[in-house]
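Numbering (this note's numbering), first residue to last: 8 to 335. Glycine included, every Cβ here is placed at the ideal spot set by N, Cα and C. Before any comments, here is the structure.
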Amino acid sequence: MNGPNKSFSHDVLNTLCPMLVQFSAVAQEGQITKAAAALGVPQPTLTRHLARFENVLETRLCARVPSGITLTAEGEKLVEPVRQALAILVAAIDELQVGAARRQVALGFLHTLGEQAVPSLLRRFNEQSPEIKFSLMQDSADQLLRLLQEGQVELCVTSPLPTRPDIGVARLGMQRLVLAVPGKHYLAGESDTPLAAAASDDFVTLKSGNYMRHMADELCHAAGFEPRIAFEAAGVSTLRGLVAAGLGVAIVPAAPAPVAGLIEVPLTDTGAYREIGLAWRTGVDLAEPAQTFRQFAIDQFSTAVDDEHHGTNSGIWNIITTRGDQDE
Numbered sequence: 008m009n010g011p012n013k014s015f016s017h018d019v020l021n022t023l024c025p026m027l028v029q030f031s032a033v034a035q036e037g038q039i040t041k042a043a044a045a046l047g048v049p050q051p052t053l054t055r056h057l058a059r060f061e062n063v064l065e066t067r068l069c070a071r072v073p074s075g076i077t078l079t080a081e082g083e084k085l086v087e088p089v090r091q092a093l094a095i096l097v098a099a100i101d102e103l104q105v106g107a108a109r110r111q112v113a114l115g116f117l118h119t120l121g122e123q124a125v126p127s128l129l130r131r132f133n134e135q136s137p138e139i140k141f142s143l144m145q146d147s148a149d150q151l152l153r154l155l156q157e158g159q160v161e162l163c164v165t166s167p168l169p170t171r172p173d174i175g176v177a178r179l180g181m182q183r184l185v186l187a188v189p190g191k192h193y194l195a196g197e198s199d200t201p202l203a204a205a206a207s208d209d210f211v212t213l214k215s216g217n218y219m220r221h222m223a224d225e226l227c228h229a230a231g232f233e234p235r236i237a238f239e240a241a242g243v244s245t246l247r248g249l250v251a252a253g254l255g256v257a258i259v260p261a262a263p264a265p266v267a268g269l270i271e272v273p274l275t276d277t278g279a280y281r282e283i284g285l286a287w288r289t290g291v292d293l294a295e296p297a298q299t300f301r302q303f304a305i306d307q308f309s310t311a312v313d314d315e316h317h318g319t320n321s322g323i324w325n326i327i328t329t330r331g332d333q334d335e
């Protein structure tokens, strides 16, 4: 986690006590022009503020000399206490920032989980622990693990489940995959379908190297055919748009809401789902807010999986909203 933001501290000081900051800068620089440049304020503004400061104190603090500005005897008496006061304020503001950072969770998650799943989970958590804030990052599975290892995120919601010894993981559930087809496709009216039924279709897929692309290729091979790739895209939302435009079919996670011009047909093939997990670094103590969120997420999903086994949920990755919204 990063340390205090010094720029923030100085911005706060400029808001709370600009005259003290400007007097200290003039004493430090010895010239109005240099002090104004250092503070990023117009020179006439600094001159007016310095004069107002002297009027408030009813004391002459500065005197002009050929080289610029020098402090009077009264100014010399005041400058060190002013610097000490500003330093104390900076330290206090920095401590407040550190405290706020300790109440923040750095969370990463897959792009495909950002439309509904993760926001719904965060909404539920916020109802329980509104004092805990989040720093969010979305990326691919490989990049999320890199961010996790580098300490840029504390937790990540990802798929597939990491198998590295330095990464801990809790399995949250499974997300079923569907065959997305155009609205007038010959499979659009089916309640479900084997993937082999679409073997003659053009496919739109994610680019090579993406785990969802790997899963789609494996499912096609298991169904006995090599997919004919018409388009490759960088994101699932683009795939859905290409399908809706009639440019092919796609193997994707179920959309959180209906997409115009597109029908999702559940796949009956074995393995037509992906496991979703919550990952963290082992051997590294999680801050208390991250521990609290981790336990909350695990509890939410374990309860929802039990509910699904009793037939109350229609799909495992609808867990977050299905469980929480049943009472609303």
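Exposed or buried, which one is residue i when buried takes at least 16 other CB atoms within 10 Å?
i           : result
residue 276 : buried
residue 95  : exposed
residue 281 : buried
residue 62  : exposed
residue 208 : buried
residue 180 : buried
residue 187 : buried
residue 343 : Lying outside 8 to 335, the shown extent of the chain, residue 343 is not represented and no answer is given.
residue 23  : exposed
residue 234 : buried
residue 72  : exposed
residue 223 : buried
residue 313 : Bear in mind that a pLDDT of 36 at residue 313, under 50, signals an unreliable position, so the model cannot answer this.
residue 91  : exposed
residue 82  : buried
residue 67  : exposed
residue 221 : exposed
residue 291 : exposed
Answer with yes or no whether the minimum CB distance from residue i to chain B is below 8 angstroms.
i           : result
residue 160 : Although the question refers to chain B, the structure presented lacks it and comprises just one protein chain.
Can the beta-carbon of residue i be found less than 8 angstroms from the beta-carbon of residue j?
i           : j           : result
residue 164 : residue 120 : yes
residue 190 : residue 270 : yes
residue 285 : residue 177 : yes
residue 28  : residue 93  : yes
residue 230 : residue 254 : no
residue 58  : residue 50  : no
residue 232 : residue 206 : yes
residue 160 : residue 168 : no
residue 307 : residue 131 : yes
Using the C-alpha atoms, what's the distance from residue j back to residue i?
i           : j           : result
residue 210 : residue 113 : 36 angstroms
residue 259 : residue 295 : 36 angstroms
residue 266 : residue 118 : 17 angstroms
residue 218 : residue 166 : 8 angstroms
residue 98  : residue 89  : 14 angstroms
residue 37  : residue 110 : 42 angstroms
residue 126 : residue 156 : 24 angstroms
residue 40  : residue 54  : 10 angstroms
residue 69  : residue 48  : 19 angstroms
residue 261 : residue 32  : 59 angstroms
residue 278 : residue 182 : 11 angstroms
residue 86  : residue 52  : 20 angstroms
residue 225 : residue 18  : 55 angstroms
residue 297 : residue 141 : 10 angstroms
residue 242 : residue 174 : 26 angstroms
residue 196 : residue 185 : 14 angstroms
residue 311 : residue 122 : Confidence is the limiting factor: at residue 311 the pLDDT is only 41, short of 50, which leaves the residue's position unreliable and the question unanswerable from this model.
residue 21  : residue 158 : 33 angstroms
residue 26  : residue 136 : 40 angstroms
residue 263 : residue 100 : 42 angstroms
residue 215 : residue 245 : 15 angstroms
residue 139 : residue 200 : 44 angstroms
residue 133 : residue 60  : 46 angstroms
residue 203 : residue 192 : 15 angstroms
With a cut-off of 8 angstroms on the beta carbons, I'd call residue i and residue j a contact; round off their distance for me.
i           : j           : result
residue 272 : residue 194 : 5 angstroms
residue 4   : residue 274 : One cannot answer for residue 4 here, as it falls past the ends of the chain, which runs 8 to 335.
residue 78  : residue 34  : 6 angstroms
residue 162 : residue 303 : The pair is not a contact, with the Cβ atoms about 11 angstroms apart (cut-off 8 angstroms).
residue 146 : residue 115 : 6 angstroms
What are the partner residues of residue i, as DSSP defines its beta bridges?
i           : result
residue 175 : 287
residue 129 : Answer by DSSP bridge pairing: none, since residue 129 is not bridged.
residue 257 : 187
residue 38  : None, per the DSSP bridge assignment.
residue 78  : 69
residue 280 : 183
residue 144 : 115
residue 270 : 188
residue 213 : 240
residue 235 : 209
residue 200 : 274
residue 250 : DSSP output for residue 250 lists no bridge partner at all.
residue 163 : 115 and 286
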